[in-house]
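The sequence shown: position 134 = 1053 (the working numbering), numbered continuously.
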Amino acid sequence: MLGYLLMAPAAFIIFFFVAYPFVWGVWMSLTNKLIGMPWSQVKFIGLKNYVDLVTKDGIFWTTVWNSFIYTGIATVIKWILGIWLAVLLNRMVRFQRFVRAAVLLPWIIPTVLSTIAFLWIFDPDFSVINWTLRHFYSWMGWGYMRGPLWLADPTLALASVTFVNIWRGTPFYAIFFLAGLQTINPELYEAAAVDGASGWQRFWHVTLPGIKPITVVVLVFSIIVTFSDFQIVYVLTRGGPANSTHLFATYAYQVAMVGSRLGLGAAVSLFMFPVLTLVIVFQLVYLRREQA
């Protein structure tokens, strides 16, 4: 009984804040529910919402493309920068604690607060980037340059939100990789050096295999969080310009809360569920093989 009592709070939280909303969202996606519609008028329409998204909604396919591009590019770059930063921190001797604390700042700062700062950085009139470019052009004698419209051009807007995600997520990778690096036996590096292995060979054959289990967990968690990102895109672009930077979460919010179509919005948000399920299953299978 003691075991069940200790598990009860966690089970309560999981049921009411995870399982119940998920089941309710699945049911909602199979209906024609609108905001303010009486439940007596709500009808079960099966997979019609999903079919309409695939066959009639061009913005949805832009959202799918954006989500995969956003997640893929951000994840790869964060992985590369995270390992590089972790190796540097692992070798650092002086001011080690101070630098590690400073590296965590982008991750610790609330997402909305840091994204508002980037909203100013990408502003067409007051952008510090455009200000630097204008003065550089003037100093070089190339004339006047107004600067790119970072959040008004579809390609630049998607690149901007991806950059902010990379800036925010890299410290998360670095700290976990740093923890993994400190579990590797230094004698392995010494033995590899005695055998004549170069720095790159020691990294490839000692460092990467040593942090492989942590890498899998971090990558899977990061893919899930990045794929369902909402705050960065919503604060910077609201999915614009012209619905060109929507991700699943922001488009589901626009359809359900702004457009009042709760059923269709639930269908948008659930479209990413099979992908995330496959990612989680891959992680569990891989980790069990490693442990075996």
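Cβ coordinates follow ideal geometry from the N, Cα and C atoms, glycine included.
On a predicted model such as this, the values are computed, not experimentally measured, just so you know.
Residue i to residue j span [Cα, whole Å]
i, j, result
"I1133", "F1192", "24 angstroms"
"A1171", "I1103", "44 angstroms"
"V1135", "I996", "15 angstroms"
"M1064", "L1206", "53 angstroms"
"R1053", "D976", "41 angstroms"
"L1100", "W1003", "12 angstroms"
"N951", "L1189", "15 angstroms"
"L953", "Y969", "16 angstroms"
"I1130", "F1122", "11 angstroms"
"W1058", "A1036", "27 angstroms"
"N1009", "F935", "42 angstroms"
"K967", "P1029", "38 angstroms"
"A1093", "A1005", "5 angstroms"
"G1115", "F931", "57 angstroms"
"T974", "V961", "23 angstroms"
"T1051", "N985", "29 angstroms"
"V1194", "I988", "14 angstroms"
"Q1015", "L1097", "12 angstroms"
"L972", "L1077", "22 angstroms"
Assigned exposure category for residue i - 16 Cβ within 10 Å defines buried
i, result
"Q1173", "buried"
"P1090", "buried"
"K923", "Looking at the sequence itself, residue 923 is Tyr, so the reference to Lys does not match. Y923 should be labelled exposed."
"H1165", "buried"
"T1081", "buried"
"V1031", "exposed"
"Y939", "exposed"
"M947", "buried"
"F1055", "exposed"
"V937", "exposed"
"S1046", "buried"
"G1118", "exposed"
"I1085", "buried"
Proximal residues to residue i (C-beta, below 7 angstroms), its chain only, five neighbours per side dropped
i, result
"L1203", "none"
"W998", "Y1092, L1138"
Bridge partners - residue i, DSSP secondary structure assignment
i, result
"Y963", "At residue 963 the sequence reads Phe, which differs from the Tyr that was named. DSSP output for F963 lists T950 as bridge partner(s)."
Other residues of its chain near residue i: CB distance less than 8 angstroms, five sequence neighbours each side excluded
i, result
"F1041", "I1048, W1069, L1070, S1079, L1155"
"T994", "L1138, S1141, I1142, T1145"
"T1034", "V1083, Q1150, I1151, V1154, L1155"
"L1075", "P1067, L1068, W1069"
"V1022", "L1004, L1008, P1090, A1093, I1094"
"A1111", "Q1120, R1121, H1124, V1125"
Residues near residue i in its chain [Cβ-Cβ closer than 6 angstroms; skip 5 each side]
i, result
"T1168", "At residue 1168 the sequence reads Ala, which differs from the Thr that was named. Same-chain partners within the cutoff: S1147, F1149."
"I978", "N1162"
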